[in-house]
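Going by full-length UniProt numbering, the sequence shown opens with residue 1, and the numbers climb by one from there. C-beta: ideal position from N, C-alpha, C; glycine also. Model, not experiment: these values are computed from the prediction.
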Amino acid sequence: MPSVFGVRSGRPHPHQLERTYGGFMKMRFSPTILFLLLGLVLAAPAVGQDIKTLTEKGIEECNAGKFDQALGTFTQALKQKPDSDLYVLRGKTYTAKNQYAQALQDFDQALKLNPANGQAYFGRAMVYVYQENFDQALENLEKAKNHGVKDEDFFKYVKKLSEGRRKK
């Protein structure tokens, strides 16, 4: 039975094949396939708009407390384009769900893509505070400050928690 693409049983028609060295067969692209590929290439600039839309949608979902949906939305955007800031947003979403291991993985990935991302250090600090690992939290807060994040009140709070922990 022929398919829409004129292929029977999953095999190409003989006129779509050519012999190559070693006796292997290689498929040639038909004009239809080339036209479809060209359409994909021309549509590539629209992907950036999709990422912006997905990012905004994910933020709205987070703000509405729809964390599972937000995770899916951020993951979809990351599949289109791995981005440091998107990893931070997804990491913050994992943090909100108390999924700290996944959050740390995303913050680490954000830092691999952009070692100067202060928000990734800040996100890691938040996770370490929740895990009561105040020394790590302070270390990451210091790095966050060095990369432009300003939250002196939180820094003082974590420092006080850390000092209180040491006195015990």
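- The beta carbons of TYR121 and LEU89 sit no closer together than 9 Å.
- Between LYS150 and MET126, the C-beta gap is not smaller than 9 Å, which leaves the two residues out of contact.
- Rounded to whole angstroms, the gap between the alpha carbons of LEU113 and GLU152 is 26 Å.
- ALA101 is classed as exposed because its beta carbon has fewer than 16 other beta carbons within 10 Å across all chains shown.
- In chain order, ALA125, VAL129, PHE134, ALA137, LEU138, LEU141 place their CB closer than 8 Å to the CB of VAL158, counting only its own chain and leaving out the 5 sequence neighbours on each side.
- Note on ALA116: under 16 other CB atoms within 10 angstroms of its CB, so exposed under the neighbour-count rule.
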